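Residue numbers (UniProt numbering), protein chains in the order written: chain A, 1 to 245; chain B, 1 to 245.
Backbone N, C-alpha and C fix where the C-beta goes; we use that ideal spot for every residue, glycine too.
None of these values were measured; they are calculated from a predicted model.
What follows is one structure encoded as structure tokens, with my remarks underneath.
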DNA sequence: CAGTGGTCTAGACCACCAC
DNA sequence: TGGTGGTCTAGACCACTGG
């Protein structure tokens with residue numbers, strides 16, 4: 001049995017997108033088993049009443065996601081291994097929520113401060129000019145998990161503490177109409193200072209996982225600089241990445 | 001002055017690829033400055049004697065790389081910020097070489113061992129079945145930087161110690177015709193055990209950066225499982241990531 | 001050899017944005 | 001309202017893979 005596929009031409013959803021969604025659902029659901037051939041593009045196009053380029057566009061989007069592999073002279077196959085998350089720019093909040101960890105946030109600092117040299121360089125503003133500073137403690141199951149320190153340019157966002165505790169910073173930025181484009185990250189480790197240890201209920205010198213991240217919108221503006229520390233017994237960075245062909 | 005663009009129809013290189021390379025070079029070189037408009041697709045196609053879909057394909061590949069941004073009703077712009085490396089599946093060897101660090105490698109273990117439960121699960125083989133084990137110490141400027149422990153299925157690769165010291169494992173796999181597809185990574189931190197401390201010239205309990213990675217080829221086979229420790233004063237993970245639109 | 005994906009064309013209509 | 005990218009069509013030829 002080939003597979004149930006159909007498109008709705010009266011829908012405002014692009015045809016290639018309708019098709020790619022159905023294919024992705026079929027893969028997720030198991031109707032399309034790993035390693036199985038997808039059938040050639042011409043026949044697929046004819047069956048759906050679409051042109052070949054449209055079908056190709058649908059297939060290409062899934063190839064880009066790593067779900068399909070194309071081989072010349074062979075066909076298009078469903079990838080065997082379990083591809084799930086191609087490393088998104090996700091907030092820790094979303095990650096925890098998805099893992100069912102019931103995240104809690106305490107906003108410890110929410111004020112306007114002069115930019116340090118490091119912050120100024122990251123955000124592309126003048127040193128000592130005013131920027132927002134947000135420090136948050138993230139807890140899971142009542143235990144401290146991470147200390148998040150963020151700096152943002154002024155006038156970009158309404159930074160309400162209550163809202164920051166109810167949702168993630170990234171979600172707030174997206175809601176405010178900011179189009180996130182890229183981020184530069186650095187992940188490292190170091191021993192906890194006395195201050196860091198106290199915040200995270202660790203002892204001085206305990207290994208901590210650290211991340212620094214500068215996020216840019218699609219105009220190239222830096223919209224956020226974060227300097228975070230994580231308890232490595234409670235958190236690690238897990239992600240999947242695809243090889244660029 | 002608009003920009004010098006031309007394609008060679010007698011070349012076996014695809015036209016869209018020729019164009020995207022020229023555009024990328026122009027961005028890199030500074031002929032196309034950040035924020036500048038690219039000119040509309042129709043006119044660009046006419047100027048080059050190409051069809052619009054071909055020009056779109058060239059532009060799209062650079063949008064996927066994060067170098068360009070398209071806006072409906074506005075045009076295609078060069079991204080402001082510095083986008084460089086979209087997180088490749090690069091080997092530590094290549095990273096160091098690119099940074100001019102003259103990496104050196106000592107192969108400490110190169111043998112066949114029975115798979116532990118963890119290794120067996122990662123590689124998808126039976127527990128206690130034979131697998132390759134490669135342990136390497138990576139040095140930069142004569143100082144230990146990382147201890148790399150890898151497990152590979154048998155019969156995949158000819159694992160010559162001399163070659164392993166002269167180049168990276170990933171480069172050897174690519175040379176052997178293995179098409180890398182995706183990898184699952186986990187980055188964390190912990191205190192060094194006595195053994196780890198000795199290997200890396202640290203003291204027991206010193207913070208270490210850790211990474212575990214399973215790499216898959218395009219048929220879904222696991223081709224490598226690595227369990228690595230890094231001295232955080234000498235190495236951190238730096239990368240750029242793009243937001244999927 | 002037959003079949004597949006890879007590339008390319010010359011049009012077309014629509015949705016969105018700035019003015 | 002004019003210009004932009006977003007989508008779509010119905011073909012075509014080529015390069016590579018497998019038997």
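Considering only residues of the same chain and omitting the five flanking positions on each side of residue i, which have a CB-CB separation below 6 Å?
i	result
residue 216 (chain B)	181, 182, 222
residue 1 (chain A)	Residue placement at residue 1 (chain A) is flagged as unreliable, the pLDDT there being 43, under the threshold of 50; the coordinate-derived value follows with that caveat. So no residue of the chain qualifies.
residue 57 (chain B)	16
residue 227 (chain B)	149, 212
residue 61 (chain A)	20
residue 186 (chain A)	212
residue 55 (chain A)	41, 44, 45
By Cβ distance below 8 Å, which residues in the same chain neighbour residue i in space, the five residues on each side in sequence not counted?
i	result
residue 8 (chain A)	18
residue 115 (chain B)	123, 125, 126, 127, 128, 129, 130, 131, 151
residue 154 (chain A)	112, 130, 131, 132
residue 161 (chain A)	107, 110
residue 205 (chain A)	191, 192, 197
residue 232 (chain A)	189, 207, 208, 209
residue 48 (chain A)	5, 6, 7, 19, 55
residue 14 (chain A)	none
Leaving out five residues on either side along the sequence, give the residues of the same chain with a beta carbon under 7 Å from the beta carbon of residue i.
i	result
residue 119 (chain B)	131, 151, 225
residue 166 (chain A)	none
residue 190 (chain A)	208, 210
residue 136 (chain A)	105, 106, 107, 108, 148, 164
residue 22 (chain A)	5
residue 27 (chain B)	67, 78
residue 138 (chain B)	92, 103, 105, 145, 146, 148
Could you list which residues in chain A have their beta carbon closer than 7 Å to that of residue i, in chain order?
i	result
residue 243 (chain B)	89, 180, 181, 182
residue 187 (chain B)	187, 236, 237
residue 80 (chain B)	219, 220
Tell me whether residue i counts as near the ligand NAP, meaning its Cβ is closer than 7 Å to at least one heavy atom of that ligand.
i	result
residue 190 (chain A)	Among the components modelled here there is no ligand, and therefore nothing to report on the ligand NAP.
Check the Cβ of residue i against every Cβ in chain B and list those closer than 9 Å, keeping chain order.
i	result
residue 148 (chain A)	Neighbours of residue 148 (chain A) on chain B: none; closest Cβ ~17 Å, over 9 Å.
residue 177 (chain A)	Going along chain B, no residue has its Cβ under 9 Å from residue 177 (chain A), so there is no contact; the nearest lies around 14 Å.
Interface residues of chain A around residue i at Cβ under 8 Å?
i	result
residue 168 (chain B)	Here the premise fails: no neighbours, minimum Cβ distance about 14 Å.
Which residues in chain B sit within 7 Å of residue i, going by Cβ to Cβ distance?
i	result
residue 209 (chain A)	188, 189
Assuming residue i contacts residue j (C-beta within less than 8 Å), just tell me the rounded distance between them.
i	j	result
residue 76 (chain A)	residue 59 (chain A)	6 Å
residue 213 (chain A)	residue 184 (chain A)	7 Å
residue 156 (chain A)	residue 134 (chain A)	Actually they do not touch by this definition, with Cβ atoms about 12 Å apart.
residue 229 (chain A)	residue 196 (chain A)	6 Å
residue 177 (chain B)	residue 79 (chain A)	About 19 Å separates the two Cβ atoms, so there is no contact after all.
residue 188 (chain B)	residue 10 (chain A)	Going by Cβ atoms, the distance from residue 188 (chain B) to residue 10 (chain A) rounds to 50 Å, so no, they are not a contact pair.
residue 202 (chain B)	residue 194 (chain B)	Not confirmed; about 10 Å, so no contact.
residue 45 (chain B)	residue 51 (chain B)	6 Å
residue 63 (chain A)	residue 218 (chain B)	In fact, because the Cβ distance is near 10 Å, the residues do not count as touching under 8 Å.
Item to complete: Could you tell me which uninterrupted alpha helix (DSSP H) segments, each at least 4 residues in length, are contained entirely in the stretch 101-146 of chain B, listed from first to last along the chain?
Response: 117-123
Worksheet item: According to a CB-to-CB cut-off of less than 7 Å, which residues of the stretch 218-243 of chain A neighbour chain B?
Response: 218, 219, 220, 232, 236, 237, 238, 239, 240, 241, 242, 243
Worksheet item: At what residue ranges does the stretch 204-233 of chain A contain a whole run of the beta strand (DSSP E), taking only runs of 3 or more?
Response: 207-217, 222-230
Worksheet item: Listed in chain order, which residues of the UniProt domain "HTH gntR-type" (13-81) of chain A have Cβ atoms closer than 8 Å to some Cβ of chain B?
Response: 34, 35, 53, 64, 66, 69, 79, 80, 81
Worksheet item: Can you list, in chain order, the stretches of the beta strand (DSSP E) that have 3 or more residues and sit fully within the UniProt domain "HTH gntR-type" (13-81) of chain A?
Response: 68-71, 75-78
Practice prompt. Taking only runs that begin and end inside the stretch 142-193 of chain A, name each unbroken beta strand (DSSP E) of 3 or more residues, in chain order.
Written response: 143-152, 180-191
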